[in-house]
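**Student:** Position 53, counted from 1, in the sequence shown is what UniProt numbering calls 53; the numbers after and before it change by one each time, with no gaps.
Built from N, CA and C at the ideal position, the CB exists for glycine as well.
Please read these numbers as outputs of a predicted model, since none were measured by experiment.
One structure is given below, represented as structure tokens, and several questions about it will come after.
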Amino acid sequence: MMGGLTPAPARLPVTWSPRSEPLTALAVAGVGPVALALARRALAAEEKQLGAWSGVAGPGVLVLLGQTDSLPWVDGAVYLGKDAAAPSLLLPCALASDVAPALLERALVAHAASGTPLAVLPRPGLLIPLGAARPVARVTLASWLKTEEGSP
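Rendered as structure tokens:
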């Protein structure tokens with residue numbers, strides 16, 4: 001359940017504003033303390049629920065993918081969905097960029113070395129490759145959490 005993180009291209013000036021029509025959530029992402037809270041919330045889930053999610057994790061970041069109704073709620077988490085105009089990206093459900101989604105997709109996919117799909121986290125400006133997402137295993141998630149909690 002590990003994946004590499006890619007900083008968003010700094011030369012791509014994108015402004016994000018509230019989306020008029022939210023996207024349907026297909027994933028939830030947390031960075032820093034929110035990632036730890038998300039992991040704790042996921043570990044509290046029943047085995048059947050935990051097994052219904054797939055995920056990727058890296059230093060200070062956790063992304064869980066699953067059915068909209070099954071995704072855990074954590075204060076500060078970013079819920080991600082697909083815009084039909086940019087199917088290779090998972091974008092914030094509540095935010096829209098001032099760049100046309102297809103153009104944003106083209107620029108971000110060209111920048112990312114690890115393929116698609118990509119989760120886009122405007123703040124703190126991360127692209128998270130999701131192609132390596134695996135079913136969430138309690139032991140793996142608990143190990144990741146323990147490592148992250150021990151990190152400075």
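When every heavy atom of the ligand COA is checked, does at least one fall within less than 7 Å of the C-beta of Val14?
**Tutor:** Absent from the structure shown: the ligand COA. Ligands present: none.
**Student:** Have a look at Pro33, Val78, Val74, Ser97 and flag the residue whose alpha-carbon is nearest the alpha-carbon of Ala85.
**Tutor:** Taking the sequence shown and counting its residues from 1, one reaches residue 85 at position 85. Ranking Pro33, Val78, Val74, Ser97 by Cα distance to Ala85 puts Ser97 first.
**Student:** Using 8 Å as the threshold, is the C-beta distance between Leu121 and Ala29 below it?
**Tutor:** For the purposes of this step, residue 121 is taken as the residue at position 121 of the sequence shown. For the purposes of this step, residue 29 is taken as the residue at position 29 of the sequence shown. Closer than 8 Å, so yes.
**Student:** Note down the Cα distance separating residue 156 from Ala25, rounded to an integer number of angstroms.
**Tutor:** Not covered by the structure: residue 156. The range shown for the chain is 1 to 152.
**Student:** Taking all protein chains shown into account, do 16 or more other C-beta atoms lie within 10 angstroms of the C-beta of Trp73, making it buried, or fewer, making it exposed?
**Tutor:** Counted from its first residue, the sequence shown places residue 73 at position 73. Under this definition Trp73 is an exposed residue.
**Student:** Whether or not the stretch 132-148 and the stretch 37-57 are in contact is what I'm after, with contact meaning three or more pairs of Cβ atoms, one per stretch, closer than 8 Å; do they touch?
**Tutor:** Touching, yes, given that three or more Cβ pairs across the two stretches are closer than 8 Å.
**Student:** Mind checking Val139: buried by the 16 CB within 10 Å criterion, or exposed?
**Tutor:** Indexing the sequence shown from 1 puts residue 139 at position 139. Result: exposed.
**Student:** What first and last residue would you give for the alpha helix (DSSP H) that runs through Leu50?
**Tutor:** Here residue 50 refers to the residue found at position 50 of the sequence shown. From DSSP, the alpha helix (DSSP H) with Leu50 extends over 47-52.
**Student:** Do Leu126 and Val61 have their beta-carbon atoms positioned less than 8 Å apart in this structure?
**Tutor:** Translated into the one-based positions of the sequence shown, residue 61 becomes position 61. Translated into the one-based positions of the sequence shown, residue 126 becomes position 126. Contact: yes.
**Student:** What number of angstroms, rounded off, separates the C-alpha of Ala112 from the C-alpha of Leu23?
**Tutor:** Indexing the sequence shown from 1 puts residue 112 at position 112. Indexing the sequence shown from 1 puts residue 23 at position 23. Straight-line Cα distance between these residues: approximately 23 Å.
**Student:** Give the range of the alpha helix (DSSP H) segment to which Met142 is assigned.
**Tutor:** Start at 1 with the first residue of the sequence shown, and residue 142 comes out as number 142. Residue 142 is actually Ala in this sequence, not Met. Counting along the chain, the alpha helix (DSSP H) containing Ala142 begins and ends at 138-150.
**Student:** Please say whether Leu104 and Pro92 have beta carbons closer to each other than 8 Å?
**Tutor:** In the sequence shown, the residue the question calls residue 92 occupies position 92. In the sequence shown, the residue the question calls residue 104 occupies position 104. Not a contact, by the Cβ cut-off of 8 Å.
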